[in-house]
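Residue numbers (our numbering), protein chains in the order written: chain A, -14 to 372; chain B, -14 to 372.
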């Protein structure tokens, strides 16, 4: 097993004065402090970063050496799997530990986006699409196709999407690290207006996640190290499933990659969705969160709205989803997102989530996705007694 | 242990009709055929790719699904460590096998460069430098600083550099996959001329590696699978060492990162440089190969020229270096290079290297480098009897 024993997390948002390197250093130093270790204790560094042309730092792995002089001469590697680059780094670090090559691993996810215009960010993120068939299609355009196909098959569920947006904005009020730490009225989210225009029909601005700068970091350790740590969260099971790039080759509504990753993780952990206390899932667009409810088994295909309409996924429901505010309100610095999800779920499972805390949470689920269901990562995290 | 049981390798060079996806598919299919397995046998895919803005495919991992329909729903991950991205993929796949997450791994390295102008390639590769201090400095400029510092401290060794270039061009004649499969006269390499101009003083055109398209692939397997394979090469030991990005913080001539990686690999394998039969090393510039001789222990610091002047590293010497022609003549599609080095060294160790073959080679060394000694990967590969 591999264990999470510390984390760091910058504020997400517009951080014009902080470079990629600054963000990596801030999150990494906080994670080392949180775990009570120094750079010399670390056996390797894994950096999740998408980039896609957004910054000139095309080789970011060794930027992490700035965290602590003790990191010099350690292996450092960058992982990329689009918006799941952060989880790619977590998973690679986990394998290095299980391989016996590392006992203590430092994982950092980072992205810097807000220095660009929205059209520039859209082009950069579009590099995560299948260029041969989808070049020029924006990600709002991709998920608008998902929403249109969904509405055509199962009826107009824009009301449920507005409710998802309002839920995540409501949750963000309790997350001091969130980019938009403010509630947003469901009626506002449900209505096209000057401040909530259509971005790609049927998706409105409130259906889209944010453009953000930020970084998050984790310290992962092997079982033989965890005894000396002040706190720990067990990575009880993980699963990664990649699907083909081309949307033309996928039944998008089946959301097969996410479903397979999540259920493989459940199976490996020996759990069902009913055992989960909290989940952080990939709401890059509200329609994605709706589809994730179905992939998680919270509802049958076509019935995802039930999980939000019956209150299941609200903070006071049986399985709160995105207590952090999600990508929707916490922000979505793409390379940082998967690491952030693991960090904030770990905070829930150690009772350190502050105002976001779900009392007594012991089992959490992270679902992070690259592209539109192309790179799919699920982790089942569990509270762990140490000392 | 992890074992290499098959490989594929496209021609390196100007391949205008082949996309990144086409190259990945060609190399990957050849590797599966070579190992005698199908996509369904594979547990995961690792893709080494630098990109740096050279192509729009910013999320290449799942492009590998095109190799074989049996790969769908397997994990696929992209690794980046500048010009060592290929080795980053090899090493991550190895860890996944040792972690028990995979028994059979498919590794692909790929780059597409020749569709761009030289100034455009220079800018893209420059993204592998430390932007805060080195933005705008080209890689020829970086290694020109290495050469200048070396010449200043140890005297002008441009003659030795010309000999390295001529050696690698000479070797390339035997490599049908090489971009420039032709000899090049040492006198030509030693002389500034219209056809061999100064690129960044003191480096001439013949001191620089090539701009190339290409891909290479490997099949890696766990020990419990290797018995069923037709051939195998053991990854006897590996080491990865990253150094800080900033040249201002490094004694460049000490080449500390490469030296540490190579010697850690020797130590883990329990060998010395004298035990090696062949080596493929990172001659992105001739001065880099000279410094690698020193880092390998073929000569003391400042004495690297001896290894080329006394014939040690020639095809008929005691330790032939870059029998493939090296980055210098084989070509350097940056993400593919590390995988190519492992593939061609494996071919040497199974006696399948054709006209490049060093008779009776049983122990080989791969040294692949990202940036100017920043990301350093060394593998010690060993011939292995199967069946």
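Ideal Cβ placement from N, Cα and C applies to all residues, glycine included.
The beta carbon of residue 139 (chain B) does not come within 8 angstroms of any beta carbon belonging to chain A, so the residue lies off that interface. Here the alpha carbon of residue 308 (chain A) sits roughly 7 angstroms from the alpha carbon of residue 153 (chain A).
Taking 9 angstroms as the Cβ-Cβ cut-off, the region 308 to 320 of chain A has no residue approaching chain B. Residue 220 (chain A) sits in a strand when the DSSP states are folded into three classes. Residue environment for residue 271 (chain B): buried (at least 16 other C-beta atoms within 10 angstroms of its C-beta).
Taken atom to atom, the span from the alpha-carbon of residue 110 (chain A) to that of residue 276 (chain A) is near 21 angstroms.
When C-beta atoms of the region 171 to 183 of chain A are compared with those of the region -13 to 0 of chain A, fewer than three pairs fall below 8 angstroms, so the two segments do not count as touching. Below the 8 angstroms Cβ cutoff, chain A contributes no neighbours of residue 243 (chain B), its closest Cβ being approximately 11 angstroms away.
Close partners of residue 117 (chain A) in chain B (Cβ separation under 8 angstroms): 4, 6. The beta carbon of residue 92 (chain B) sits closer than 7 angstroms to the beta carbons of 31, 74, 75, 78, 202, 203, 205, 324 from its chain, once the five residues preceding and following it are set aside; these are given in chain order.
Interface criterion met: the Cβ of residue 66 (chain A) is under 8 angstroms from a Cβ in chain B.
Partner residues in a beta bridge of residue 154 (chain A), as assigned by DSSP, do not exist.
With a contact defined as Cβ atoms closer than 8 angstroms, residue 188 (chain A) and residue 85 (chain B) miss out at about 42 angstroms. With respect to residue 61 (chain A), residue 49 (chain A) sits close: the two C-beta atoms are nearer than 8 angstroms. Counting every other CB atom within 10 Å of its CB across the protein chains shown gives residue 212 (chain A) a total below 16, marking it as exposed. In chain order, 290 place their CB closer than 6 angstroms to the CB of residue 142 (chain B), counting only its own chain and leaving out the 5 sequence neighbours on each side. Contact between residue 195 (chain B) and residue 165 (chain B) is confirmed by a C-beta separation of about 7 angstroms, below the 8 angstroms threshold. Note on residue 25 (chain A): under 16 other CB atoms within 10 angstroms of its CB, so exposed under the neighbour-count rule. Nearest to residue 269 (chain B) by C-alpha distance, out of B:230, B:192, B:371, B:227, is B:192. The three-state secondary structure of residue 116 (chain A), taken from DSSP, is helix. For residue 62 (chain B), the C-beta contacts it makes with chain A under 9 angstroms involve 64, 65, 66, 73, 76, 77, 225, 227, 360, in order along the chain. The way I'd put it, the region 227 to 237 of chain A doesn't touch the region 2 to 14 of chain A; fewer than three beta-carbon pairs between them come closer than 8 angstroms. Under the Cβ criterion (8 angstroms, minimum of three pairs), the region 293 to 303 of chain B does not count as touching the region 35 to 51 of chain B.
The beta carbon of residue 112 (chain A) sits closer than 8 angstroms to those of 37, 38, all from its chain and outside the five residues before and after it, given in chain order.
Setting aside the 5 residues that flank it on each side, residue 150 (chain A) is surrounded in the same chain by 169, 174, 191, 192, 271, 313, each with a C-beta closer than 7 angstroms to its C-beta; the list follows chain order. Taking residue 333 (chain B) as the centre and dropping the five residues before and after it, the same chain places the C-beta of 262, 263, 308, 341, 342, 343, 346, 349 closer than 8 angstroms to its C-beta, in chain order.
If you look at residue 327 (chain B), you'll find it in the alpha helix (DSSP H) that goes 319 to 334. Looking at the DSSP output, residue 90 (chain A) shares a beta bridge with A:29, A:205. Among the residues of the region 37 to 61 of chain B, those with a Cβ less than 7 angstroms away from any Cβ of chain A are 37, 38, 41, 42, 43, 44, 46, 47, 48, 50, 57, 58, 59, 60, 61, in the order of the chain. With respect to the 8 angstroms criterion, residue 265 (chain B) and residue 220 (chain B) are not classified as neighbours on the basis of their beta carbons. Every alpha helix (DSSP H) of 4 residues or more that sits fully in the region 32 to 84 of chain B is shown, in chain order, as 70 to 83. A distance of 8 angstroms or more separates the beta carbons of residue 126 (chain B) and residue 316 (chain B). Secondary structure of residue 169 (chain B) (DSSP, three-state): coil. In the DSSP assignment, residue 294 (chain A) falls within the alpha helix (DSSP H) that extends over 290 to 294.
By the neighbour-count definition (other C-beta atoms within 10 Å, threshold 16), residue 183 (chain A) is an exposed residue. Between the alpha carbons of residue 124 (chain B) and residue 107 (chain B) lies a distance of about 7 angstroms.
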